[in-house]
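For the sequence shown, my numbering gives the first residue as 2, with consecutive numbering after it.
Every residue gets a Cβ at the ideal spot worked out from N, C-alpha and C, and that includes glycine.
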Amino acid sequence: MPPLDRRLFLAGLAASPLLFAPAVAFAQTVNVQELHAPGELGEKVLGPADAKVTVVEYASMSCPHCAQFDRDVFDEFRLKYVDSGKVRYIFREFPLNAPAYAASMVARCAPADRYFDVVHAYFRVQDTWLSSPDLKAATLDIAKPFGLNDKSFEACISNQALFQGLEGVKNRGVSFGVQATPTFFINGKKLEGSPSLAELDKEIEPLL
Numbered sequence: 002m003p004p005l006d007r008r009l010f011l012a013g014l015a016a017s018p019l020l021f022a023p024a025v026a027f028a029q030t031v032n033v034q035e036l037h038a039p040g041e042l043g044e045k046v047l048g049p050a051d052a053k054v055t056v057v058e059y060a061s062m063s064c065p066h067c068a069q070f071d072r073d074v075f076d077e078f079r080l081k082y083v084d085s086g087k088v089r090y091i092f093r094e095f096p097l098n099a100p101a102y103a104a105s106m107v108a109r110c111a112p113a114d115r116y117f118d119v120v121h122a123y124f125r126v127q128d129t130w131l132s133s134p135d136l137k138a139a140t141l142d143i144a145k146p147f148g149l150n151d152k153s154f155e156a157c158i159s160n161q162a163l164f165q166g167l168e169g170v171k172n173r174g175v176s177f178g179v180q181a182t183p184t185f186f187i188n189g190k191k192l193e194g195s196p197s198l199a200e201l202d203k204e205i206e207p208l209l
């Protein structure tokens, strides 16, 4: 079997049977205590722990609707709710194909205070990144401004323990009913698809 770093990029863009979620749809509410409990790999969180509202997002770096949310909505959402202390935001990886795993691993390998910067970087150039004829080189190019060099990048994408940790994050998401990306949980209420700020307002404001 090829080493992990080769398998990630040999697999290319073949998606898992799970789907990208284009439209907003509401579904069941899950057990909030279980949902908000930190996973073994550690959580990536913005906002205060005592916020009245917790928003959990499951996303794949290769998902176009996840990128759309990041590009068109996230900054306003963060300014209005997270930076103001009203919302605690938890981002959880749900990689749907090999490039998404690689990018998620890179984000985890970057300095902890640059994690969200790396996530945004991959989302903001998603089209050109994923259309590159050399995905591995393109993935590395995006990683370099965040402290990774050729050697540390190779070590990162060869890290079997990290890969398995991300599998654990994803499998835990499946246990909460995540079937497509992006999927949000707002105080446990499940929301599939890429919401507008107005749609988030409708769900968050009554909880404040």
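Under DSSP, Phe185 shares a beta bridge with Glu58, Leu192. Per DSSP, the continuous beta strand (DSSP E) segment holding Leu47 begins and ends at 45-47. In the DSSP assignment, Ile91 is bridged to Val46, Val57. In this structure, Arg89 lies away from Val120, with their beta-carbon atoms at least 9 Å apart.
Thr30 is bridged by DSSP to Lys190. Cβ contact annotation for Ser61 (same chain, cutoff 7 Å, sequence separation greater than five): Cys67, Phe95, Pro96, Leu97, Ala101, Thr182, in chain order.
Arg125 and Arg79 do not touch by the CB rule: their CB atoms are close to 15 Å apart, not below 8 Å. In this structure, the CA atom of Ser133 is about 14 Å from the CA atom of Ala104. Of the candidates Pro49, Ala122, Ala108, the residue whose Cα lies closest to the Cα of Gly86 is Pro49. Going by C-alpha positions, Phe75 is about 16 Å away from Lys203. Pairing Tyr116 with Lys45 gives a Cβ-Cβ distance under 9 Å.
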